[in-house]
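In this note's numbering, the protein residues as written are 3 to 370.
Structure (structure tokens):
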């Protein structure tokens, strides 16, 4: 009885040991399997995450591109100002001694009229007529030594201060303005080299006073008998040639910023176009509000000149054939240009404003 009990106890212990060993092995196998399974899941998760990340990046790129294009499209539609560039259609010789201050195309004679300043020192300011194709000066009239010639405008109607077909020439830092009477040749372009257009004058040159102390650019207004004058400020003054007085002014502005120093002016397609002194730009201005409607960027044109130190100044418009000419002070060429269709995209507008906005002061000209 005692021996059998001892055997049973031994067998029981052995069975317990085997069971424990088997359980331990099974536990180890299960743990290993679980770890392998977890690793595979982690690996798959990492691959999935990477793929998902790449897909998200691609999706983000597509989304951002879409938003960018939509934003630009919105700006194209909503912007209230335009940015223009240019292309050269043709170029013509220009007198490099002409310190251009006023510039006109005379459709009746098919020639340019130009007002010049007294530069270099000792040269008298003048108003001249030049052949477009050759640049030859066909006629020239000087003004008194004390006067520095500035802007030039052609009067198409009779007024108390200038007859029909007269040129009005402003004077820098002065209220004086000279009138030069031009013969009416009946619009016959073929007579341009056969007739002297300046009327002969006896006695002193005709002049009148504006109520401004400075004269820069000048052009015709939409209002009959009214001219538009710039004077180194951001204001364009409306001067009535019959009343002999200013009847108001507009302030040139863009994006809430006043634009000083509009220089040579020209009436183009119902707008006022203005060179901005020291800038290779022309501003398109609404005569009613003074708002800049667009910037025309002429970057690169100045580099084509021998005298690159001379600024761009001179806009002439051939209304009959819708041609635009530009030049500068002592430039060797006059350029006929084509203006690009205006862009309203944000980047283009920002570039235009960066290049074209007027300086805040020009102390070298005496304008702090």
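No residue lacks a Cβ here, since even glycine has one placed at the ideal position from N, Cα and C. All figures in this text were calculated on a predicted structure; none of them were measured in a lab.
Same chain only: Cβ atoms within 7 angstroms of residue 369, ignoring 5 sequence neighbours per side = Counting from one through the chain shown, the residue named residue 369 turns up at place 367. Closer than 7 angstroms at the Cβ level, and outside the excluded window around residue 369, lie 234, 363.
key: Burial state of residue 91 (16 or more Cβ within 10 Å)   = Position 89 of the chain shown, counted from the first residue, corresponds to residue 91. It counts as exposed.
ask   = Hey, would you say residue 330 sits closer than 8 angstroms to residue 86, going by beta carbons?
value = Here residue 330 refers to the residue found at position 328 of the chain shown. Here residue 86 refers to the residue found at position 84 of the chain shown. Against a cut-off of 8 angstroms, the Cβ pair of residue 86 and residue 330 comes out as no contact.
inquiry  = On the DSSP bridge list, what partners appear for residue 142?
reply    = Walking along the chain shown from the start, residue 142 turns up at place 140. In the DSSP output, where bridge partners are listed per residue, residue 142 has 130.
task = Using DSSP bridges, identify the partner residues of residue 157.
result = Mapped onto the chain shown, residue 157 falls at position 155. According to DSSP, which records beta bridges pairwise, residue 157 is partnered with 168.
key: CA nearest to the CA of residue 161, picked from 181, 172, 176   = One-based indexing of the chain shown puts residue 161 at position 159. For the residues 181, 172, 176, the minimum Cα distance to residue 161 belongs to 181.
ask   = With a CB to CB cut of under 7 angstroms and the five nearest residues on each side skipped, what residues in its chain are close to residue 146?
value = The count along the chain shown starts at 1 and reaches residue 146 at position 144. If we look at residue 146 and ignore the five residues flanking it on each side, it has no Cβ neighbours.
task = Compare the Cα-Cα distances from residue 134 to each of 208, 327, 200 and report the closest residue.
result = Counted from its first residue, the chain shown places residue 134 at position 132. Taking only the C-alpha atoms, the option nearest residue 134 is 327.
query = Below 8 angstroms between beta carbons: does that hold for residue 238 and residue 131?
reply = Taking the chain shown and counting its residues from 1, one reaches residue 238 at position 236. Taking the chain shown and counting its residues from 1, one reaches residue 131 at position 129. No, Cβ-Cβ distance for residue 238 and residue 131 is not below 8 angstroms.
inquiry  = residue 171 and residue 104 - do their beta-carbons sit closer together than 8 angstroms?
reply    = Translated into the one-based positions of the chain shown, residue 104 becomes position 102. Translated into the one-based positions of the chain shown, residue 171 becomes position 169. Cβ atoms of residue 104 and residue 171: closer than 8 angstroms.
ask   = What's the call for residue 352, buried or exposed, on a 16-neighbour Cβ count within 10 Å?
value = The residue labelled residue 352 in the question sits at position 350 within the chain shown. That one is exposed.
query = Ordered along the chain, which non-local residues of its own chain (more than five positions away) have a Cβ less than 8 angstroms from that of residue 227?
reply = Translated into the one-based positions of the chain shown, residue 227 becomes position 225. So the list reads 159, 161, 242, 243, 244, once near-sequence residues are dropped.
task = Could you round the C-beta distance between residue 236 and residue 262 to whole angstroms and report it? I think they count as a contact, below 8 angstroms.
result = Within the chain shown, residue 236 is the residue found at index 234, counting from 1. Within the chain shown, residue 262 is the residue found at index 260, counting from 1. Sure, about 5 angstroms apart at Cβ, within 8 angstroms.
task = Rounded to whole angstroms, what's the CA-CA distance from residue 88 to residue 336? Just pull it up for me.
result = Along the chain shown, read from residue 1 onward, the residue named residue 88 stands at position 86. Along the chain shown, read from residue 1 onward, the residue named residue 336 stands at position 334. Going from the Cα of residue 88 to the Cα of residue 336 covers about 14 angstroms.
request  = Pick out the complete beta strand (DSSP E) segments inside the region 324 to 370, 3 residues or longer, and give them in chain order.
outcome  = 325 to 330, 335 to 341
task = Step through the CB atoms of chain B and report whether any lies within less than 8 angstroms of the CB of residue 118.
result = Looking at the structure shown, chain B is missing, and only one protein chain is on hand.
Where residue 293 sits in the DSSP three-state scheme = The residue given as residue 293 occupies position 291 in the chain shown. In the structure shown, residue 293 sits in a strand (DSSP, three-state: E or B).
message = Does residue 365 pass the burial test, meaning 16 or more other C-beta atoms within 10 Å, or should it be called exposed?
response = As a first step, residue 365 is located in the chain shown; it is residue number 363 there, counting from the start. Residue 365 is exposed by the Cβ-count criterion.
message = Could you check whether residue 179 and residue 210 sit closer than 8 angstroms to each other, using their CB atoms as the reference points?
response = The count along the chain shown starts at 1 and reaches residue 210 at position 208. The count along the chain shown starts at 1 and reaches residue 179 at position 177. Yes. Within cutoff.
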